[in-house]
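Visitor: There's a structure below that I have some questions on.
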Amino acid sequence: MPSLATVDYLLGQRFYRMAYLEYGAPSAPVVVCVHGLTRNGRDFAPLAEALAQNFHVICPDLPGRGASEWLSEPMAYQPPTYVVALSYLLAQLNKPVAWVGTSLGGICGLMLAAAQNSPITRLVLNDLGPHIPAASLLRIRDYMSAPPPSFPSLAALEAHLRRVNAPFGPLTAPQWRYLAEISARPLPDGSFALHYDPAIADPIRATMPVDADLWPIWEAVRIPRLVVRGAQSDLLLPETYARMLAEGAEGLEVAGAGHAPALMDPPTIARIQAFLHDA
563 MPSLATVDYL LGQRFYRMAY LEYGAPSAPV VVCVHGLTRN GRDFAPLAEA LAQNFHVICP
623 DLPGRGASEW LSEPMAYQPP TYVVALSYLL AQLNKPVAWV GTSLGGICGL MLAAAQNSPI
683 TRLVLNDLGP HIPAASLLRI RDYMSAPPPS FPSLAALEAH LRRVNAPFGP LTAPQWRYLA
743 EISARPLPDG SFALHYDPAI ADPIRATMPV DADLWPIWEA VRIPRLVVRG AQSDLLLPET
803 YARMLAEGAE GLEVAGAGHA PALMDPPTIA RIQAFLHDA
């Protein structure tokens, strides 16, 4: 079973607390797994449990998600803030780490891996590339623009996740149930909300999406890289994926998935394990 720990980080004039789950022996090599925009660290449980045989696996809840503290300033919910919080976690670990990042977690991993003297030694990017098309960002903005609903039951929340997260791939009924359980925040009236601060959407609502160009950051990363792509992804386009492979990355396409594969199926877990064991 994982244990829950925290790290404090300074943002502006205030310290906040970020929670993370730990799997495996603290003496083992470290793998940090960072989730996507509206998710939390428990998404990685199947992968983390498999990796924990040989690694110390750390799965943080980004600020405003899961067990981590919500920010007092909604416009701070942006990648530079997450990089600050994660840098405190890396400093607390104080050793080399491999990084697995889904979507937003991949952006954070790229930014940290490109920094001088980075402790990141291997990088797995789950459906995230150096070119992010405006059309995919607009889809995310439209999805995040409506206030997050509340749900009368866990079954209703699960039905919502099955609809909006269908691109995660062909999950089993127990897997969808698990995602519903870790995505639910109980409300005083007995209903459920999604397990994140609704204000994480404020920066997204405030901007008109344009193509994001992360190629200079990508080109500054010299460590081994594995790129996982959902075969139907609208965020990591085929031409971007092909260029990443041409520039030296290893690749894996997940059939039946879009943005972003859930990393719960045994073949994908085995491929990530093999990549990390090559270190």
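Position one of the sequence shown corresponds to residue 563 (our numbering), numbered consecutively onward.
Just so it is clear, CB atoms sit at the ideal spot from N, CA and C, and this is done for glycine as well.
Everything numeric in this text was worked out from a predicted model, so none of it was measured.
Kindly provide the ranges of any beta strand (DSSP E) runs that are 3 or more residues long and lie completely inside the region 727–812, ordered along the chain.
Guide: 746–748, 754–756, 787–792
Visitor: From the DSSP output, in three-state form, read off residue 637 for me.
Guide: helix
Visitor: With a CB to CB cut of under 6 Å and the five nearest residues on each side skipped, what residues in its chain are close to residue 681?
Guide: 652, 658, 659
Visitor: Residue 843: which of 668, 650, 832, 630 sits nearest, CA to CA?
Guide: For residue 843 there is no data in the structure shown, the boundaries of the chain being 563 and 841.
Visitor: Counting only runs that start and end within the region 582–642, where is the beta strand (DSSP E) found for 3 or more residues in a row?
Guide: 592–596, 618–622
Visitor: Strictly by DSSP, which residues pair up with residue 815?
Guide: 791
Visitor: Put residue 570 into one of helix, strand or coil per three-state DSSP.
Guide: strand
Visitor: Exposed or buried, residue 839, counting other C-beta atoms within 10 Å across all chains shown (16 or more means buried)?
Guide: It counts as exposed.
Visitor: Compute the Euclidean distance between the alpha carbons of residue 662 and residue 788, then round it to the nearest angstrom.
Guide: 9 Å
Visitor: DSSP puts residue 578 in a beta bridge; with which residues?
Guide: 571
Visitor: Are the CB atoms of residue 779 and residue 673 nearer to each other than 8 Å?
Guide: In this structure, residue 779 places its C-beta atom within 8 Å of the C-beta atom of residue 673.
Visitor: Report yes or no: do three or more beta-carbon pairs, one from the region 816–824 and one from the region 689–700, lie closer than 8 Å?
Guide: The region 816–824 vs the region 689–700: in contact.
Visitor: For the candidate residues 824, 572, 741, whose alpha-carbon lies nearest to that of residue 633?
Guide: 572
Visitor: So if DSSP puts residue 663 in a beta bridge, which residue, or which two residues, is it bridged to?
Guide: 596, 687
Visitor: How many whole angstroms separate the CB atoms of residue 729 and residue 792, which I take to be in contact at a CB cut-off of 8 Å?
Guide: 6 Å
Visitor: Quick check on DSSP: helix, strand or coil for residue 821?
Guide: coil
Visitor: Where do the ends of the alpha helix (DSSP H) carrying residue 826 lie?
Guide: Element bounds for residue 826: n/a, residue is neither H nor E.
Visitor: Alpha carbon to alpha carbon, what distance is there between residue 625 and residue 639?
Guide: 8 Å
Visitor: Assuming the contact rule is C-beta atoms closer than 8 Å, residue 741 and residue 756 should be a hit. Round their C-beta distance to whole Å, please.
Guide: About 11 Å separates the two Cβ atoms, so there is no contact after all.
Visitor: Can you check whether the CB of residue 609 is closer than 8 Å to the CB of residue 834?
Guide: yes
Visitor: Determine the contact status of residue 628 and residue 602, defining contact as a CB-CB distance below 8 Å.
Guide: yes
Visitor: Given this structure, state the Cα-to-Cα distance separating residue 604 from residue 594, to the nearest angstrom.
Guide: 12 Å
Visitor: Alpha carbon to alpha carbon, how far is residue 748 from residue 732?
Guide: 27 Å
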